[in-house]
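As structure tokens, the structure follows; a few thoughts come after it.
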Amino acid sequence: MKEQILKKIESAGVVGAGGAGFPTHVKLKCAPDTVIANCVECEPIIKSDKYLVEKHAAEIIEGMEAVLECTGAGRGVLAVKRKNHEAVRELEQAVSGKKNLSVHLLDNYYPAGDEQQIVYEVTGRVVPVGEIPIKAGCVVLNAQTLYHVSRAVLGIPVTSRMVTIAGEVKAPMTVEVPVGTPVSYLLELAGGVKVPEYAVILGGPLMGRGAEDPDKEFVTKTTNGVIILPADHPLVEKKTDDLSHQLKIAKSACCQCNYCTLICPRSNLGLGVQPHKIMQALTWNNASVLADGQAALGCCSCGLCTYVGCNMNLSPDRFISEVKKELLARKVKSTQTPGRVNPFRNEIKAPSKRVIQRMGLTTYDTDIRYIDSIQSPRKVRILLKQHIGAACTAAVKEGDIVEAGQCVGKVPEKALGASVHASVRGRVVLVNAEYVDIMKA
Ligand code: SF4
Ligand code: SF4
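Given below as structure tokens:
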């Protein structure tokens, strides 16, 4: 049975929908005691998991039960923010009478959705730096991933997902759209952009990436949000400012006040992250701190040190992320065992409202409406790499007529990856090494 479920998840192309897109059938080849559903959605403004849970709690529970069956885990915990009353109600109703399932309520802080934070909140265990939650006996799966698992068990591949379109658009919304939907179509769907000069962030405002050319961006299995901000919004400037320019400013402005480290959620879990030390090393040219790596390797790039911690308007998150990338490229590993969790961790948590206010996003933190139907564009572009691992090889050619759900990209033999599927019925109009374009029939 376990093998059958894994096979179905693999065939459906399920990947971690909340982040990097790790293939789920590979992630589930382990034996945790606890499976945690991440229904937390801590990034400001994004509401895709909130609505998914409200509308599809039963399917998320079915996905959880399938995962419990194929991993042999004894309990499943659904972690959700207590402020999302309707989602909490739906989940509590859906788990009622199921002895191995429970709902765990979290405060409204950032980054409550970080895997390490969730594992600690639910189990009191700390995942060591450089390890994944299974080291602490847990597997964490995003709500959207579990929804996709429930469909995979029925033989339905991943062809759509929830996306929030918000910010400077006329009608912010959360809607289910086919994978491959052009971002430009989403902007039309949301009534168009209200400002002449704007930037597009794919994902949440803190951890999402800026789109260089929005016309060349398409929804993938991991796209949970599209946020439009004025081009001169401080957040956009912070994300895009040249790093060497930032370093010049940091050399004169970083006063080593240590606030960035004091607020760092990974530091407060005892994981040794110290952004102020990285700033000191970079601005004072202290290579030994950088080479040692212990102050950077546990960083999760949440951005809190920058957007809430630093009063000098510096970007320690960008520097620490660069240092971490370099350390990983040089195969430097953490040698630390987790230290003591800060006994005042709860008091130090950054309330989401404060994060939103500090980031200048209060105007966009509105009640975003939910559209209760799948909205399909005329043409979709299915990227052949939407996951960690190798790109798929196209399984169709130009001129082919494909059905929605038909596999159009296969993982090369023995490679890590996840297959991709047509999200609409139509004609294949373009195939290359990166994508398959399908015109709706
Ligand atoms: S980066 Fe900012 S918060 Fe961190 S030590 Fe320097 S001035 Fe203080
Ligand atoms: S981005 Fe900053 S606050 Fe977040 S984990 Fe890294 S160092 Fe800590």
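Residues 1 to 441 in the working numbering are what the sequence shown lists, from first letter to last. We put the beta carbon where it would ideally sit given N, CA and C, even for glycine.
Cβ neighbour criterion (16 or more within 10 Å) applied to residue i
i	result
K47	buried
L243	exposed
R151	buried
Q93	exposed
M1	exposed
H443	Absent from the structure is residue 443, since the part of the chain shown begins at 1 and ends at 441.
D367	exposed
F218	buried
H245	exposed
H148	buried
M162	buried
F344	exposed
K331	exposed
T223	buried
G298	buried
Q116	buried
T240	exposed
N346	exposed
L202	buried
D114	buried
S373	exposed
P214	buried
T416	For clarity, residue 416 is Leu in the given sequence; the question names Thr instead. Burial call: exposed.
M439	exposed
E90	buried
N38	buried
R340	exposed
Beta-ladder partner(s) of residue i, from DSSP
i	result
F218	P182
K410	T393
H421	C407
E176	M162
G450	Any property of residue 450 remains undetermined from this structure, which presents the chain solely from 1 to 441.
M1	M1 is not bridged to any residue.
L202	R209 and V226
P23	V15
S102	V77
I401	R427
K440	G426
L383	Y435
V193	V169
Same chain only: Cβ atoms within 6 Å of residue i, ignoring 5 sequence neighbours per side
i	result
I165	M173, L186, A190 and V226
V236	A199 and L229
V175	I371 and Q375
R381	G180, F218, Y435 and D437
Q294	G272 and Q336
R369	M173
E59	Y147 and S150
R358	Y307 and V308
Close beta carbons around residue i, own chain, < 8 Å, minus the five adjacent residues each side
i	result
T34	A73, G74, R75, G76, V77, V122, T123, G137, C138 and V139
V95	I61, L78, L101, S102 and V103
L383	G180, F218, T220, V420, E434 and Y435
A253	M312, N313 and L314
E69	M1, K2 and I5
Contacts around residue i, its chain only, beta-carbon distance under 7 Å, and the 5 residues preceding and following it disregarded
i	result
Q406	H421 and A422
C305	C260, I263, C264, P275, P316 and D317
K81	V40, L106, N108 and A112
N84	K50
Y364	I45, A166 and G167
I356	P44, T362 and D365
I134	C30 and P32
V396	V402, V408, V428, V431 and V436
E398	V428, V429, L430 and V431
Min CB distance residue i to chain D below 8 Å
i	result
I401	Protein chain content of the structure displayed is limited to a single chain, and chain D is not contained in it.
Handout entry: At least 3 beta-carbon pairs within less than 8 Å: the segment 36 to 50 vs the segment 127 to 144
Key = yes
Exercise for the section: Check whether the segment 305 to 323 touches the segment 254 to 262, counting contact only when three or more Cβ pairs, one atom from each stretch, lie closer than 8 Å. Expected result: yes
Problem - Every unbroken alpha helix (DSSP H) inside the segment 302 to 381 [4 residues or more] - result: 316 to 329, 345 to 348 and 352 to 358
Exercise for the section: Starting from the N-terminal side, write out each stretch of the beta strand (DSSP E) that is 3 residues or longer and does not extend beyond the segment 105 to 162. Expected result: Runs found: 138 to 142.
Practice task
Tell me, please, whether the segment 14 to 23 touches the segment 380 to 390 by the rule of three or more beta-carbon pairs shorter than 8 Å.
Solution key: yes
Handout entry: Sufficient close CB pairs (3 or more, under 8 Å) joining the segment 215 to 235 to the segment 190 to 203
Key = yes
Practice task
Could you tell me whether the segment 349 to 356 touches the segment 91 to 108, where touching means 3 or more Cβ pairs closer than 8 Å?
Solution key: yes
Practice task
Decide if the segment 148 to 162 is in contact with the segment 4 to 11; the criterion is three or more beta carbon pairs, one per stretch, under 8 Å apart.
Solution key: yes
Practice task
Return the chain-ordered ranges of every alpha helix (DSSP H) run that is complete within the segment 207 to 291 and spans a minimum of 4 residues.
Solution key: 234 to 240, 243 to 253, 259 to 263, 265 to 268 and 275 to 283
Practice task
List in chain order: all unbroken beta strand (DSSP E) runs of 3+ residues lying wholly within the segment 34 to 68.
Solution key: 34 to 39
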